[in-house]
Structure formats: C-alpha cells, structure tokens
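Residue numbers (this note's numbering), protein chains in the order written: chain A, 25 to 338; chain B, 2 to 313. All C-beta atoms in this analysis are idealised placements derived from N, C-alpha and C, irrespective of residue type, glycine included. Down below is the structure, laid out as structure tokens.
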Amino acid sequence: MSTHSQPMKRLKGLAIKRSVGELIFDNLNILLMVAFAFMTLYPFWYILILSLNEGKDTTMGGIWFWPRKFSLDNYAFVILNPIVINAYKITILRTVSGSLLTLLVCGLAAYALTKHALPGRNFVITMFIIPMFIGGSIVSYYVVFAKLGMLNRFWVYIIPGCFSFFQMIIMRTFMYTIPPSLEESAKIDGAGYFRIFMRIIVPLSMPIVATTLLFSAVGHWLDFYTNMVFVGKRSLMTLQYLLWLVVRAQQGSLNALTEEKAMGTGNQGLLRQQVTPESIRMATIMVVTLPILFIYPFLQRYFVKGVLIGSVKE
Amino acid sequence: MQAGALNKRRFSSVLSTEWPLYLFLAPAVVVTILFAYLPMFSNIIAFMDYNIMAGWMGLASPWAGFKNFTKMFHDEQFWPLVWRTFYYSVVRLVTGQPAPFILALLINEVRNRLFKRTVQTIFYLPHFVSWVTIASLAYWFLTTDTSGVLNNVRQVLGAQNRIIYMKFPSNFPWVLAITGIIKEAGWGTIIYLAAISGVDAQLYEAAKIDGAGRWKQFVHVTFPSILPTTVILLIFSFGGLFASNFDQIYNLQNPMIKYDTNTINVYVYYTGVQSGKYSAAAALGLFQGVINATIMLGVNWFAKKVSGHGFF
Chain A
25 MSTHSQPMKR LKGLAIKRSV GELIFDNLNI LLMVAFAFMT LYPFWYILIL SLNEGKDTTM
85 GGIWFWPRKF SLDNYAFVIL NPIVINAYKI TILRTVSGSL LTLLVCGLAA YALTKHALPG
145 RNFVITMFII PMFIGGSIVS YYVVFAKLGM LNRFWVYIIP GCFSFFQMII MRTFMYTIPP
205 SLEESAKIDG AGYFRIFMRI IVPLSMPIVA TTLLFSAVGH WLDFYTNMVF VGKRSLMTLQ
265 YLLWLVVRAQ QGSLNALTEE KAMGTGNQGL LRQQVTPESI RMATIMVVTL PILFIYPFLQ
325 RYFVKGVLIG SVKE
Chain B
2 MQAGALNKRR FSSVLSTEWP LYLFLAPAVV VTILFAYLPM FSNIIAFMDY NIMAGWMGLA
62 SPWAGFKNFT KMFHDEQFWP LVWRTFYYSV VRLVTGQPAP FILALLINEV RNRLFKRTVQ
122 TIFYLPHFVS WVTIASLAYW FLTTDTSGVL NNVRQVLGAQ NRIIYMKFPS NFPWVLAITG
182 IIKEAGWGTI IYLAAISGVD AQLYEAAKID GAGRWKQFVH VTFPSILPTT VILLIFSFGG
242 LFASNFDQIY NLQNPMIKYD TNTINVYVYY TGVQSGKYSA AAALGLFQGV INATIMLGVN
302 WFAKKVSGHG FF
C-alpha cells in the first residue's frame with residue numbers, strides 16, 4: 025500500500041497544486057475570455073435594450089446596460105408589419121425548400137460517386153472540380169440568370185446553389201463508411217438503386233444528412249446577396265435584405281417598412297407616437313437575428329460535429 | 002470484384018443496369034452546367050461590346066478584342082482597386098488566421114468545464130449572424146448619434162467632441178479586422194480544439210512525470226501536436242489572397258467612404274450590375290478570377306507537396 029501511495033500522491037499534487045505563475049496565468053486567461061465574450065455579446069445586448077426602450081427616450085442617450093423606459097412599441101411596429109411578415113414567410117420557405125433540395129441533389133450525386141467502377145465517374149468529378157478554381161464574376165451570373173429568366177423568381181434562391189461540390193464530397197466520405205455487404209444483400213433481394221438509396225443509404229447516413237441540412241439552412245437564412253443582386257420584387261424579399269434596406273441602405277428613411285402596403289395597418293399612428301426610425305431599426309435587427317441566436321445553442325454540438333466531419337477530408 | 006466486372010462490360014449493357022446512378026448524377030450535372038459553366042463561358046463578354054439584347058444571350062454583340070482590358074489598365078481606379086483588394090485580404094489573413102489559433106490555445110487552458118462551455122457557445126454565436134447584422138451593430142458602435150457607443154465611452158472618459166469614425170477610409174481596415182475576428186475567430190477554434198483533444202493523453206502524463214509544468218507541456222506537447230493542422234490551414238488561407246469578402250466589405254461601407262474602400266468584386270457589382278456596364282465589369286471580374294485561379298492552383302500544388310493534402 026504505502027509503496028504505491030507515495031508516487032500517486034506526488035502525481036496528484038502536481039495536478040492540483042498550481043504555482044504562482046500558473047495562478048496568475050489562469051486568472052488572466054479567465055479575464056481575457058470574459059473580455060472577449062463581453063466584446064462579442066455586448067453589441068447584441070446593446071441593440072436589444074435600445075430596441076426595448078421608448079424610441080424618443082433613447083435619443084437622449086446615456087443608456088448602457090438596461091432599458092430606461094421599457095416599451096414594446098418598436099416591436100409592435102415591426103412584428104405587425106405585413107412586409108416583415110411576408111419576408112419571414114419567404115425566408116422560411118426558401119430555407120426549408122432550399123436545404124431539402126441541396127440535400128437531395130448532393131446526396132444522390134454523392135451516392136452515385138461512391139461507385140468507383142461507374143464509367144464516366146472521373147469525367148464528372150473533374151467537371152465538378154474545375155468551377156472551384158475559375159468561375160464567372162457577378163456580371164456573368166447576372167447575365168446568365170437574366171437570360172435564363174431567373175431574375176425576380178423564387179427559384180433563384182434555391183436552384184443555382186443547390187449543388188455544392190464540397191458538401192457532396194463530405195457526404196460521399198460518410199457513405200464510404202456504410203458496409204457494402206448491406207447493399208449487396210439488398211441487391212440479392214432484388215432491390216434497385218432507388219430502393220437501396222432510400223431504404224439503406226439515407227437511414228444510415230442520418231448524421232451527415234442532419235449536418236447538411238443544418239449548414240445549408242444557415243446559409244439560406246443568412247444570404248442577402250442573392251436577394252440584393254437578382255431579386256428586386258418586394259413580394260419575394262427575404263429577411264436579411266429587408267434588414268439591409270431598413271438599416272443600411274436608406275439611413276434616415278424607413279421606406280422599406282412604410283410603403284403603401286403597410287400604411288393601412290395602423291402602424292402609422294405608432295410611428296407618430298414614441299417610436300423613432302432608429303428604434304425601429306434596432307427592433308428590426310433583433311426580429312431578424314434573435315430566432316437563430318435562440319435556436320443555435322441547442323444545435324451547437326451538431327454544428328461542431330459537422331465542421332469536424334468536413335475537415336476530415338481536408 | 003463487382004467493380005472489375007462492371008469495367009469490362011460494354012457501355013450499353015452498363016447503362017441497362019446502372020442507369021439509375023446516372024439519373025442520380027443528372028441534377029448535379031445540370032446545375033453545374035447551367036450555374037457554373039454558363040457563367041464561366043459568359044466571361045467572353047469581357048471581349049465584346051456587350052449588348053444584352055443582341056441575339057441569343059446577347060451573343061450577337063460585336064467583338065471588341067482586348068479593348069476592354071486596355072481601357073481597364075488605363076483606368077485611374079484600376080491600381081488602387083488591385084492594391085486594396087490585396088491589402089484588405091492581407092489584413093484579413095494576418096488577423097483572421099492567428100486569432101482562432103490563439104483563442105483555441107487559451108480556451109484549452111481553461112479548467113472550469115462549465116465556464117469553458119459557456120464561453121465557447123458565446124464565441125461561436127456571431128458565426129450564425131449575417132454580415133448585415135454585424136455591420137448594423139458596428140454602425141451603432143461607431144456612429145456620432147447619441148447611441149454611438151464608442152463616442153459615448155470617449156465622453157465618459159472626458160472627451161469633448163464626437164468623432165465621425167466612419168468618415169475615414171483609413172479606419173476601414175481596422176473595422177474589417179475587428180469585425181472579422183469577432184465574427185469568425187470563435188468558430189475557427191473548433192478545428193484547433195479538435196486537434197488538441199486528439200493529442201494522446203499519455204504524452205501529457207509522461208511530460209508531467211518528467212516535471213514539465215503547463216508552459217513546458219504546451220511547448221513540447223500541445224504545440225508540436227497541432228502544428229500540422231495549423232500549417233495546412235495557413236497554406237489554404239493563402240488561397241484567399243486576392244479574394245475579398247463581398248458581404249463584409251459591402252455591408253460595412255458607407256456613402257462617405259464608398260469610393261475609397263471598394264475592392265474589385267464590390268466595384269464590379271457597382272459598375273456591372275448597378276450601372277449596366279457589363280463588358281467593362283466583366284473584364285475586371287475576369288482579371289480577378291484569373292489571378293485567383295492562379296493563386297489557388299499554386300496553393301493547391303504547394304499544400305500537396307508539403308502535407309500530401311490538396312483542396313480535395
């Protein structure tokens with residue numbers, strides 16, 4: 025007993041007892057972490073409290089950490105605004121349909137390319153790789169989309185980006201880990217490729233299916249570029265572009281939210297009371313940003329896993 | 002076995018059994034042709050006096066040879082644009098590459114599990130926010146309005162005036178660097194933390210028994226273990242040396258400094274899509290595309306040589 029306990033004690037002592045230098049480092053490190061966390065969170069917090077403050081009161085300044093005159097008027101204006109509601113609808117629609125389409129297109133291609141003996145396989149892969157090096161500039165895309173009749177159509181949100189070579193490779197890497205014997209025995213039972221894909225490959229690829237959906241969904245939710253460049257129609261406006269119009273593009277006016285359509289809803293009365301364009305902008309930021317900030321922490325570990333699956337290939 | 006058999010069969014008989022696989026590939030192939038190859042080929046409008054109404058796809062437009070390129074090289078905007086595209090990319094590289102590396106090492110040294118997980122969640126958060134939002138937050142940090150945080154802090158500290166931070170193009174690289182770090186540094190730690198957690202625990206045990214403190218453990222175990230990952234990520238990052246981040250720059254610009262902070266791809270958007278000068282913009286875009294492709298091929302070659310891994 026005693027012969028064993030001596031070195032054990034020493035090891036334990038090494039693990040727990042910290043030298044002065046280490047103690048200083050640990051505390052400094054925690055301080056640094058807190059500082060960076062503060063830098064990250066405070067801007068969001070600041071806009072949140074200002075958006076919850078009475079607009080006129082905010083203009084007097086001096087608000088730092090807490091609303092001074094709590095008010096939900098700003099949110100009432102934004103949330104009840106039909107343009108915002110429509111942007112929400114469009115964004116959700118494109119996020120759901122777009123990520124499902126990405127999953128389908130990438131998944132099918134990935135499965136087909138796990139078959140090394142498929143004639144033409146290398147040709148197809150080369151064909152996918154070349155555009156990763158050289159593509160068109162925004163002008164060429166604009167011209168092509170214009171000529172394909174895709175400007176101002178909902179499709180432009182989901183179709184052009186639905187195939188990602190990178191995502192496909194990640195899916196394929198995962199599919200390689202599915203034992204081929206499963207597929208072969210299904211084949212012997214008379215299952216065709218469609219059935220094998222739907223009944224064996226997809227159910228066994230659930231982790232990568234979830235990852236693809238999550239990353240694709242985030243990409244769709246955050247995309248403002250496609251809307252800005254290719255879609256001018258108000259009825260197809262997405263949340264991020266709406267936010268850009270409200271906050272960035274027209275400093276000083278709220279045209280994006282107060283055009284005729286919105287007028288009839290009684291919002292105008294609100295506008296004359298305690299809200300200001302500034303406070304409306306801040307509420308809009310929160311209305312667009314908060315949902316994803318609330319959902320993300322619950323899905324965090326899947327995202328982290330996804331990054332790591334993706335980096336295996338690199 | 003089955004694979005070999007497949008190879009020897011004639012294509013027609015392959016097709017009779019394997020056609021579903023080609024069907025599976027079809028959507029990806031069609032999308033690639035339409036939305037990658039067509040735009041790639043429409044780069045030829047850089048060699049035309051492009052008129053979008055002239056014939057199918059505007060392809061009946063008259064040829065212009067290298068006229069658009071000669072014009073481009075003589076444009077007084079050209080060299081400043083090239084320089085800025087390069088400069089902003091270097092700023093992003095120099096700040097954006099070390100930040101997640103250092104942050105990951107510091108996170109790794111945190112001992113309290115709950116604290117560690119909490120700060121990680123916070124650090125990852127801005128990755129899930131668009132540049133539109135980040136730019137809006139930055140706006141209220143820098144503005145001279147009564148809500149401008151930075152000016153308010155200055156006044157609390159005794160300053161009398163309020164500075165119009167967004168008026169000076171020289172502040173722009175700083176804005177890019179800081180917003181870039183806040184948005185992506187946390188997310189970038191994931192890959193380093195994974196590399197660190199992959200280090201064999203026995204190495205640490207051995208180091209401890211040899212009397213290594215935490216600093217020595219870091220120098221002799223942690224650092225060498227994650228060096229390969231770091232080097233690969235660094236090499237890959239050079240691929241972006243001439244590719245500026247459109248979303249970031251476009252969103253953080255404001256009318257006061259717009260013309261002094263444009264990079265090539267932002268400028269191409271303004272001239273090509275907004276002003277409709279298709280050919281001029283396409284020439285500039287192609288110029289950037291060719292340089293980018295060259296850099297990427299070089300980086301890919303170098304990465305393969307050094308580490309055995311390319312982009313794919």
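Check	Outcome
Run of the alpha helix (DSSP H) containing V270(A), from where it starts to where it stops	No alpha helix (DSSP H) holds V270(A); DSSP gives it neither H nor E.
Residue ranges of each alpha helix (DSSP H) within the segment 6-79 of chain B, 4 or longer	12-33, 39-42 and 68-75
Whole-Å CB distance - I158(A) paired with G286(B), under 8 Å assumed	Not a contact, Cβ separation roughly 11 Å.
Beta-carbon proximity check, F303(B) vs M73(B), cutoff 8 Å	no
Complete alpha helix (DSSP H) runs within the segment 56-87 of chain A (minimum length 4 residues, chain order)	79-82
D247(A) classed as buried or exposed, judged by whether at least 16 other C-beta atoms fall within 10 angstroms	buried
Closer than 8 Å at the beta carbon, the chain A residues around E110(B)	F49, D50 and N53
Cβ neighbours of W188(B) in the same chain (closer than 6 Å, five flanking residues each side left out)	Y125 and H128
Classification of I34(B) by the beta-carbon crowding that lies within 10 angstroms, buried from 16 upward	exposed
Distance between Q98(B) and V253(A) (C-alpha atoms, nearest Å)	30 Å
Outcome for Y260(B) when other beta-carbon atoms lying within 10 angstroms are tallied against a minimum of 16	exposed
Beta-carbon proximity list for L242(B), same chain, < 6 Å, skipping 5 on both sides	S90 and I296
Short CB-CB distance (under 8 Å) between N69(B) and chain A	no
Any C-beta of chain B under 8 Å from that of Q298(A)	no
Contact under 8 Å by Cβ, Y314(B) with V255(A)	There is simply no residue 314(B) to check, as chain B begins at 2 and stops at 313 in what is shown.
Sequence-distant residues of its chain with Cβ nearer than 7 Å to L235(B) (five each side left out)	Q98
Beta-carbon neighbours of I316(A), restricted to chain B and to distances below 8 Å	F129 and V130
Close-in-space but distant-in-sequence residues of the same chain around S308(B) (CB under 8 Å, 5 per side omitted)	P229, V232, I233 and I236
Proximal residues of chain A, C-beta to C-beta of D248(B) below 8 Å	F248 and Y249
Cβ neighbour criterion (16 or more within 10 Å) applied to T144(B)	buried
Within chain B, the residues that E46(A) reaches when beta carbons sit closer than 9 Å	G214, R215 and W216
Interfacial residues, the segment 179-202 of chain A to chain B, with Cβ spacing under 9 Å	I183, P184, G185, C186, F187, F189, F190, M192 and I193
Burial state of Y135(A), where buried means 16 or more other Cβ atoms lie within 10 Å	buried
Which listed residue (G149(B), P81(B) and N263(B)) has its alpha carbon closest to that of G86(A)	G149(B)
Endpoints, alpha helix (DSSP H) assigned at C186(A)	Run containing C186(A): none; DSSP gives neither H nor E here.
Validate contact between the segment 254-268 of chain A and the segment 108-118 of chain A using beta carbons, cut 8 Å, 3 pairs	yes
Below-8 Å beta-carbon distance, E302(A) vs any chain B residue	yes
Straight-line Cα distance separating P315(A) from L39(B)	37 Å
F94(A) in three-state terms, based on DSSP	strand
Cβ shell of L263(A) (< 6 Å), same chain only, five flanking positions each side left out	A111, T115 and V312
Any chain A beta carbon closer than 8 Å to A37(B)	yes
Straight-line Cα distance separating F318(A) from N293(B)	38 Å
Where the alpha helix (DSSP H) through L104(B) begins and ends	P99 to E110
Neighbour flag for M222(A) against chain B, beta carbons, 8 Å	no
Contact with chain B by I103(A), beta-carbon distance below 8 Å	no
Closer than 8 Å to chain B by CB, F239(A)	no
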